[in-house]
Amino acid sequence: MSFSFGFSSKDFSDDETDNDGLATGLEAVSAVSSVNPLDDVRLLAKEIVQPQWEDLKTVLDSLKDVRVSFEQISTPRNSTVLYRRDLFDVKHQLMSEAGDEDEDSVELDILMGETSEDLRKNVYEGGLKSWECSIDVVDYLSGLNHGLEDIDCVLELGCGTALPTEYVYSKFLQLQPAKDVNFILSDYNKSVLRLVTIPNLIITWAKVVLSEEQYCQLQRCNDETIPVRSDELLLTDQLLQAFYHDMQTRRITINLMSGTWGRSFTNLLAPKLSAHSGILAITSETIYQPENLPVVAETLLDIILTNKNSKVKALVAAKDIYFGVGGSIIEFDKYLKNRIQQDLLPITYNAQKVDASLKRSIVFIE
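Numbering-wise, the working numbering puts 0 at position 11 of the sequence shown, and it's gapless, one number per residue.
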């Protein structure tokens, strides 16, 4: 896959870089600390969810006999078709499961919308919603002139509804012949991986791969009274098994990781990445908090620098300024520049503006 932006940090206008509202609390972000942010002790605090691999089969089993409703959307620039589970449907499932003893009540209240919060630090990081920048990434990827010939691993950090991964995944489903590929999807919340990340991939698979007859048969399972609708998918045991086995046949691996980023995260990730020659790392809407911005940057730098025998490319999509929160593309640019200059890193990066009323950008690092 060939990436070429043709933009650099100079493309940020003076009014963005001189914004007085960004100065307070962000000066420390632009300066590189002597301690790598991945090793910050705060990331090991007991209230922080530590990273761990989640078993795909267990996630699939938890979705058995769930009927999901979804919508088909098209991206604004290239009209790329995507599928995503309806948020109200997620809440319906959560309501039906509310009696489960292992359900975190605080997280459940937020997910259900009872607290009117889009996210809460160290509890829920907003993964159930599809944010604008993830769609920007899809438009960018769908506009490339080259295909997927160099990619054998796609890593999405803070994946949430995983629309960028979903797009690349749909392209691999259509490849003839099939090609080995590993999709690694990480989100702070295990519940997000279960409720939207994997369902969105299953829906995409059903829409891209299954014939109309298969789409009906795998939901009805010889019971003709079961309704089949174009905007719903009944996740029967037969359908989930068909999905799982088809991934094996196509040599598509799906790995899931929950929990925070940090040194533990990169250590867990390293063995998975070392087996691949072409890695595409994607993250969108993850640098909105000043204290986490360096962690995101260092995670990507670690992935690039520890996989020197691989071709690693990273895309970071974000709003230029997160008003009222603190993070910004501006500060991310400053951090990368300082880090590269300080340690003479063999890293290049550039940025592309997104044509939208709300200023957004995509930063490309390799």
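Every residue, glycine too, gets a C-beta built ideally from N, C-alpha and C.
Kindly list the residues whose CB is nearer than 6 Å to the CB of residue 227, restricted to its own chain and excluding five residues on each side of it in sequence; keep chain order.
Position 238 of the sequence shown holds residue 227. Taken in chain order, the residues that qualify are 207 and 210.
Along the chain, where does the alpha helix (DSSP H) containing residue 235 start, and where does it finish?
Reading the sequence shown from its first residue, position 246 is the one you call residue 235. It spans 226 to 238 - the alpha helix (DSSP H) in which residue 235 sits, taken as one unbroken run.
Only counting the same chain, and skipping five residues up and downstream in sequence, which positions put a Cβ closer than 7 Å to that of residue 55?
In the sequence shown, counting from the first residue as 1, residue 55 sits at position 66. Here the set comprises 82 and 224.
Contact defined as beta carbons within less than 8 Å: I believe residue 151 pairs with residue 178. What is the distance between those atoms, to the nearest angstrom?
Reading the sequence shown from its first residue, position 162 is the one you call residue 151. Reading the sequence shown from its first residue, position 189 is the one you call residue 178. Actually they do not touch by this definition, with Cβ atoms about 13 Å apart.
Checking the sheet assignment: what are the DSSP bridge partners for residue 354?
Reading the sequence shown from its first residue, position 365 is the one you call residue 354. Beta-bridge pairing links residue 354 to 303 and 338.
Locate the alpha helix (DSSP H) running through residue 252, then write down its first and last residues.
As a first step, residue 252 is located in the sequence shown; it is residue number 263 there, counting from the start. Unbroken alpha helix (DSSP H) run through residue 252: 252 to 262.
When the distance is taken between beta carbons, is residue 149 closer than 9 Å to residue 118?
By one-based count along the sequence shown, residue 118 stands at place 129. By one-based count along the sequence shown, residue 149 stands at place 160. Going by C-beta atoms, residue 118 is nearer than 9 Å to residue 149.
In this structure, what does DSSP give as the bridge partners for residue 123?
Looking up residue 123 in the sequence shown gives position 134. For residue 123, which the question treats as bridged, DSSP gives no partner whatsoever.
Helix, strand or coil, according to DSSP, for residue 346 in the structure here?
Translated into positions along the sequence shown, residue 346 becomes position 357. Coil at residue 346, not helix or strand.
What first and last residue would you give for the beta strand (DSSP E) that runs through residue 170?
Counted from its first residue, the sequence shown places residue 170 at position 181. Residue 170 -> beta strand (DSSP E) spans 170 to 176.
Looking at the secondary structure, which residues open and close the beta strand (DSSP E) in which residue 142 lies?
Here the question's residue 142 lines up with position 153 in the sequence shown. 142 to 146 is the span of the beta strand (DSSP E), which, as asked, contains residue 142.
Taking residue 246 and residue 42 to be in contact with their CB atoms under 8 Å, please state how far apart those CB atoms are, rounded to whole angstroms.
Counted from its first residue, the sequence shown places residue 246 at position 257. Counted from its first residue, the sequence shown places residue 42 at position 53. Right, the Cβ-Cβ distance comes to about 5 Å (below 8 Å), so this counts as a contact.
Given residue 314, which residues of its chain have a CB within under 6 Å of its CB, disregarding the five upstream and five downstream residues?
The count along the sequence shown starts at 1 and reaches residue 314 at position 325. So the list reads 277, once near-sequence residues are dropped.
Report yes or no: do the region 294 to 312 and the region 198 to 206 share at least 3 C-beta pairs separated by less than 8 Å?
Too few Cβ pairs lie closer than 8 Å, so no.
Work out the CA separation of residue 57 and residue 222 for me, nearest whole Å.
As a first step, residue 222 must be located in the sequence shown, where it is residue number 233. As a first step, residue 57 must be located in the sequence shown, where it is residue number 68. Whole-angstrom Cα-Cα distance: 5 Å.
If you measure between the beta carbons of residue 261 and residue 173, is that distance less than 9 Å?
For the purposes of this step, residue 261 is taken as residue 272 along the sequence shown, with counting starting at 1. For the purposes of this step, residue 173 is taken as residue 184 along the sequence shown, with counting starting at 1. A Cβ-Cβ contact shorter than 9 Å links residue 261 with residue 173.
Below 7 Å CB to CB, which residues in the same chain sit around residue 15 once its five sequence neighbours on both sides are set aside?
Along the sequence shown, read from residue 1 onward, the residue named residue 15 stands at position 26. With a pLDDT of only 45 at residue 15, under 50, the local geometry of the prediction cannot be trusted, and the value read off the model is given with reservation. Exclusion of the five residues before and after residue 15 leaves 279, 315 and 320 as the residues of its chain whose Cβ lies within less than 7 Å of its Cβ.
Looking only at DSSP bridge pairs, what is residue 244 linked to?
Here the question's residue 244 lines up with position 255 in the sequence shown. Answer is 173.
So what's residue 308 in DSSP terms, helix, strand or just coil?
As a working mapping, residue 308 is identified with position 319 in the sequence shown. In this structure, residue 308 counts as strand in the three-state DSSP scheme.
Measure the beta-carbon distance from residue 162 to residue 197 and round it to whole angstroms, keeping in mind my assumption that it falls under 8 Å.
Translated into the one-based positions of the sequence shown, residue 162 becomes position 173. Translated into the one-based positions of the sequence shown, residue 197 becomes position 208. Going by Cβ atoms, the distance from residue 162 to residue 197 rounds to 5 Å, so yes, they are a contact pair.
Compare the Cα-Cα distances from residue 144 to each of 311, 301, 334 and 325 and report the closest residue.
Residue numbering aside, residue 144 sits at position 155 when the sequence shown is read from its first letter. The candidate whose alpha carbon is nearest that of residue 144 is 301.
Residue from 159, 181 and 36 with nearest C-alpha to residue 48:
Counting from 1 along the sequence shown, the entry for residue 48 is found at position 59. It is 181 whose Cα lies nearest to the Cα of residue 48.
Would you mind working out which of 243, 289 and 171 sits nearest residue 191, comparing C-alpha positions?
Counting from one through the sequence shown, the residue named residue 191 turns up at place 202. The shortest C-alpha separation from residue 191 is found at 243.
What residue range is occupied by the uninterrupted alpha helix (DSSP H) comprising residue 287?
The count along the sequence shown starts at 1 and reaches residue 287 at position 298. Residue 287: member of the alpha helix (DSSP H) spanning 282 to 294, first to last residue.
Relative to the C-alpha of residue 236, which residue among 29, 324, 171 and 64 is closest?
Working through the sequence shown from its first residue, we reach residue 236 at position 247. Per the Cα distances, 171.
Cutoff 8 Å; reference residue 85; Cβ partners in own chain excluding five residues on either side:
In the sequence shown, counting from the first residue as 1, residue 85 sits at position 96. Within the same chain, residue 85 has no close Cβ partners at all.
Could you give the C-beta distance for residue 324 and residue 286, rounded to a whole number, given that I count them as a contact under 8 Å?
Residue numbering aside, residue 324 sits at position 335 when the sequence shown is read from its first letter. Residue numbering aside, residue 286 sits at position 297 when the sequence shown is read from its first letter. Indeed they touch by this definition, with Cβ atoms about 5 Å apart.
Where residue 158 falls: helix, strand or coil (DSSP):
Position 169 of the sequence shown holds residue 158. In this structure, residue 158 counts as helix in the three-state DSSP scheme.
With H, G and I counted as helix, E and B as strand and the rest as coil, what does DSSP make of residue 131?
Taking the sequence shown and counting its residues from 1, one reaches residue 131 at position 142. In this structure, residue 131 counts as helix in the three-state DSSP scheme.
How many angstroms separate the CA atom of residue 241 from the CA atom of residue 165?
Numbered from its first residue, the sequence shown carries residue 241 at position 252. Numbered from its first residue, the sequence shown carries residue 165 at position 176. Roughly 13 Å between the two C-alpha positions.
Drop a sphere of 10 angstroms on the beta-carbon of residue 337, count the other beta-carbons inside from all chains shown, and report buried for 16 or more, exposed for fewer.
Locating residue 337 in the sequence shown gives position 348, where the first residue counts as 1. Counting Cβ neighbours within 10 Å, residue 337 comes out exposed, since fewer than 16 surround it.
Need the endpoints of the beta strand (DSSP E) that residue 209 sits in, please.
By one-based count along the sequence shown, residue 209 stands at place 220. Counting along the chain, residue 209 falls outside any beta strand (DSSP E), though it belongs to the alpha helix (DSSP H) covering 201 to 209.
Report back the beta-carbon spacing between residue 153 and residue 273 to the nearest angstrom; my notes put them in contact at under 8 Å.
If you number the sequence shown from 1, residue 153 lands on position 164. If you number the sequence shown from 1, residue 273 lands on position 284. Yes, residue 153 and residue 273 are in contact; Cβ-Cβ is about 7 Å, under 8 Å.
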